[in-house]
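S.K.: Got a structure for you, written out below as structure tokens; questions coming shortly.
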Amino acid sequence: PSNDGQRLLEEMLSFRQQLIQDAQAEPSKLIRWLYENQGVRRFDASNRLFLILIDLSNFFDSWKLKRAKPLLDSVITRYLDDAYSSPGRSLEFTWEGTDYKIVSDAIIIIKPRG
């Protein structure tokens, strides 16, 4: 790619890496965003446990990690083993002008590069 193209790719990668770091540091923001940006047909204010799958080698292939059973098992088991008697985060969000209270959490599963 040209210098401009290379710079754009680097900026995009940096932006994505920052999103991942932010989600790991403060998952509540991501969880709230996921609730507030649901489609009308899929709206539900039920308590949820989100699995966030990230393939650092190829972000577009992240959805394929749903088949990576050993990776999923280890991270989910670690989350459940570390969970308190009442896991999750109490959060509030607004959807179409109505406020909701939920208990939710996110497990961020990252497949490293290579």
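Under our numbering, residues 9 to 122 are what the sequence shown spells out, in order. Ideal Cβ positions, reconstructed from N, Cα and C, are used throughout, including at glycine. Predicted, not measured: the structure shown is a model, and the values here were computed from it.
Please look up how many angstroms separate the CB atoms of A8 and I110, rounded, as I've assumed it's under 8 Å.
M.R.: The requested residue 8 does not occur in the structure, where the chain is confined to residues 9 to 122.
S.K.: Excluding the 5 residues flanking L42 on each side, which residues of the same chain have their C-beta closer than 7 Å to its C-beta?
M.R.: Position 34 of the sequence shown, counted from the first residue, corresponds to residue 42. Only F58 meet the Cβ criterion.
S.K.: Within a Cβ cutoff of 7 Å, which residues of the same chain sit near S93, ignoring the five residues on either side of it in sequence?
M.R.: Taking the first residue of the sequence shown as position 1, residue 93 is located at position 85. There are no such residues.
S.K.: Note down the Cα distance separating D81 from L64, rounded to an integer number of angstroms.
M.R.: The residue you call residue 81 lines up with position 73 of the sequence shown. The residue you call residue 64 lines up with position 56 of the sequence shown. If you take the alpha carbons of D81 and L64, they lie about 19 Å apart.
S.K.: Comparing C-alpha positions only, which one of E18, P95, L99, D69 sits nearest to K37?
M.R.: Against the sequence shown, residue 37 aligns to sequence position 29. When only C-alpha atoms are compared, the closest one is L99.
S.K.: Does the separation of the CB atoms of D107 and G96 fall below 8 Å?
M.R.: By 1-based counting over the sequence shown, the position of residue 107 is 99. By 1-based counting over the sequence shown, the position of residue 96 is 88. In this structure, G96 does not lie closer than 8 Å to D107 by Cβ.
S.K.: Where does G99 fall in DSSP's three states?
M.R.: For the purposes of this step, residue 99 is taken as the residue at position 91 of the sequence shown. First, the residue type needs correcting, since residue 99 is Leu and not Gly in the sequence shown. Three-state result, L99: strand.
S.K.: So within the segment 31 to 69, which uninterrupted beta strand (DSSP E) runs reach at least 3 residues, ignoring any that extend past its ends?
M.R.: Runs of the beta strand (DSSP E) inside the segment 31 to 69: 56 to 63.
S.K.: With DSSP collapsed to three states, give me the class of S22.
M.R.: Position 14 of the sequence shown, counting from 1, holds the residue named residue 22. Of the three classes helix, strand and coil, the one that applies to S22 here is helix, per DSSP.
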